[in-house]
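Residue numbers (the working numbering), protein chains in the order written: chain A, 21 to 98; chain B, 16 to 176.
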């Protein structure tokens with residue numbers, strides 16, 4: 021079995037950059053509950069690929085700008 | 016604590032109170048010597064009906080209290096924003112489905128163990144009424160345990176895969 025991925029996200033930062041978009045607005049755009057956005061920001065939930073794309077669409081950015089594979093980042097830093 | 020955790024805890028509390036009430040009622044009835052399987056089956060069916068009705072009433076009350084809570088907390092918001100907050104909190108999304116899947120697994124484990132105990136008891140000539148109650152108790156315990164698991168995942172978080 022492969023090593024567990026450590027996936028972090030920039031949702032809080034992207035919301036701030038999008039004119040302080042509220043969690044409720046993002047939840048409505050992504051089609052999930054506000055609690056799910058709260059859990060995502062707190063790193064308590066890793067979304068499905070579909071939801072990850074929907075969140076990236078809500079910010080109009082590529083998925084890689086929203087979700088980051090920390091292990092991969094470390095690999096590239098070497 | 017999230018809205019969904021609170022809703023689950025409310026539901027669990029109702030189930031637990033009804034289970035305790037049933038145990039008290041059943042012990043009293045059992046000691047009075049009524050042991051007909053048919054009578055117990057009718058009693059359990061009535062109890063299930065009461066549980067369903069109680070859960071519906073509690074959920075309606077919970078929604079009303081939640082709506083009032085939002086309205087009080089966000090006094091400056093208009094009605095439309097309050098509606099948005101409530102409907103966004105009640106949406107069932109992929110995280111809810113994942114948690115529901117995990118908690119249902121737990122309730123199946125309880126129900127499975129209960130069913131095995133039921134069969135073993137009957138196989139060894141145990142009283143049918145007791146076997147019926149073991150089966151019923153395992154289902155109810157499973158439902159309460161599933162609620163506990165849901166709250167755990169809502170609070171601690173859950174990962175796909």
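Beta carbons are placed, not taken as given, at the ideal position from N, Cα and C, and that holds for glycine.
- The secondary-structure analysis by DSSP pairs residue 66 of chain A across a beta bridge with B:174.
- Apart from sequence neighbours up to five positions away, the residues of its chain that approach residue 51 of chain A with a beta-carbon distance below 7 Å are 74, ordered along the chain.
- The Cβ atoms of residue 53 of chain A and residue 111 of chain B lie closer than 9 Å to each other.
- Among the CB atoms of chain A, one or more fall inside 9 Å of the CB of residue 169 of chain B.
- Neighbours of residue 100 of chain B in chain A, taken as residues whose beta carbon is under 7 Å from its own, are 44 in chain order.
- Taking a cut-off of 8 Å on C-beta distances, the region 78-90 of chain A does not touch the region 140-147 of chain B, as fewer than three cross pairs fall below it.
- Annotated three-state conformation of residue 39 of chain A is coil, per DSSP.
- Apart from sequence neighbours up to five positions away, the residues of its chain that approach residue 86 of chain B with a beta-carbon distance below 6 Å are 97, ordered along the chain.
- When beta bridges are read from the DSSP output, residue 28 of chain A appears opposite A:88.
- Interface residue (Cβ-Cβ distance to chain B less than 9 Å): residue 64 of chain A is classified as such.
- Taking a Cβ-Cβ threshold of 9 Å, none of the residues of chain B is close to residue 28 of chain A; the smallest such distance is about 13 Å.
- In this structure, the beta-carbon distance from residue 169 of chain B to residue 43 of chain A does not fall below 9 Å.
- DSSP places residue 81 of chain B inside the alpha helix (DSSP H), whose first and last residues are 52-88.
- Boundaries for residue 16 of chain B: no alpha helix (DSSP H) harbours it, and the DSSP string shows neither H nor E there.
- Listed along chain B, the residues sitting closer than 8 Å to residue 48 of chain A by beta-carbon distance are 99 and 103.
- Taking C-beta atoms as the reference points, residue 16 of chain B and residue 163 of chain B fail to come closer than 9 Å.
- Going by DSSP, residue 53 of chain A is part of no alpha helix (DSSP H) at all; its letter is neither H nor E.
- Under the DSSP assignment, residue 96 of chain B falls in the alpha helix (DSSP H) whose first and last residues are 94-105.
- Taking the C-beta atoms as reference points, residue 18 of chain B is found no nearer than 9 Å to residue 73 of chain B.
- Residue state for residue 115 of chain B is assigned as helix, using DSSP reduced to three classes.
- Cβ-Cβ separation between residue 66 of chain A and residue 31 of chain A: approximately 12 Å, too far for a contact (criterion under 8 Å).
- Taking a beta-carbon distance threshold of 9 Å, residue 86 of chain A does not count as an interface residue toward chain B.
- In this model, residue 63 of chain B and residue 40 of chain A are separated by some 49 Å (Cα to Cα).
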